[in-house]
Amino acid sequence: MASLSFQVEAHLISKGKSAEDAATITADESQVVLQNDGAGDYIRTWNVSGITKPTNSELTAADTEGTKLQNNFITRKKRKREYGGIGDQLDLLYKDLVAGKVDATGEWAKAVKKVKDDNPLS
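If you count the sequence shown from 1, you need to add 15 to reach the numbering used here.
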């Protein structure tokens, strides 16, 4: 089951917001505030222009897409860690350039492919 935050994002997307806009809205505490007072997460504040606050059934309906968004978020964070620092990536690219391998046979391309293959998006 997706966290409430990702259910809200999925709901916003289902109402016509882009994935980027939905993530921005969810992170903006002037528009959406989620809270947990010990009895579970809930939407404390909803100030999204043009979209009414979702009901529990609408959030439940958005759970499958919310789970996908949450899993992909986790995968992207893991990929970012595994890619290594930008300096290391640029060094691999430079070595490939000097070796004439700025294509899929280069070490940088193989390293990126491995990270992507090891961490597929849903």
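By construction, the Cβ of each residue, glycine as well, lies at the ideal position given by its N, Cα and C atoms.
Residue i versus the options, residue with shortest Cα-Cα distance
i, options, result
"Pro69", "Gly53, Leu84 and Leu49", "Leu49"
"Leu136", "Leu107, Lys92 and Val113", "Lys92"
"Thr90", "Asn62, Gly115, Gly81 and Asp133", "Asp133"
"Asp106", "Ser64, Lys30 and Trp123", "Trp123"
"Thr60", "Thr75, Gly53 and Ala42", "Ala42"
"Tyr98", "Thr82, Gly121 and Val127", "Val127"
"Asp62", "Val47, Thr120, Ala54 and Asn71", "According to the sequence displayed, residue 62 carries Asn and not Asp. Of the candidates Val47, Thr120, Ala54 and Asn71, the one whose C-alpha sits nearest the C-alpha of Asn62 is Val47."
"Asn143", "Ser64, Asp56 and Gly115", "The chain is shown only over 16 to 137; residue 143 falls outside these bounds and no answer can be derived."
Pairwise C-alpha distance: residue j and residue i
i, j, result
"Ser33", "Ile40", "10 Å"
"Ala77", "Leu27", "9 Å"
"Ser45", "Ala17", "23 Å"
"Lys131", "Val23", "27 Å"
"Thr67", "Glu73", "11 Å"
"Asp111", "Val117", "6 Å"
"Gly81", "Gly100", "30 Å"
"Gln104", "Gln85", "27 Å"
"Ala25", "Val113", "45 Å"
Beta-bridge pairing of residue i - partner residues as DSSP gives them
i, result
"Trp61", "Val47"
"Asp78", "Paired residues: none, contrary to the question."
"Asp56", "Asn51"
Any C-beta of chain E under 8 Å from that of residue i
i, result
"Glu44", "The chain labelled as chain E is not found in the depicted structure, where only one protein chain is given."
Boundaries (first-last residue) of the alpha helix (DSSP H) holding residue i
i, result
"Val23", "Leu19 to Ser29"
"Thr39", "Ala34 to Ala42"
* Minimum length 4: unbroken alpha helix (DSSP H) runs contained in the stretch 92-129 -> 101-113
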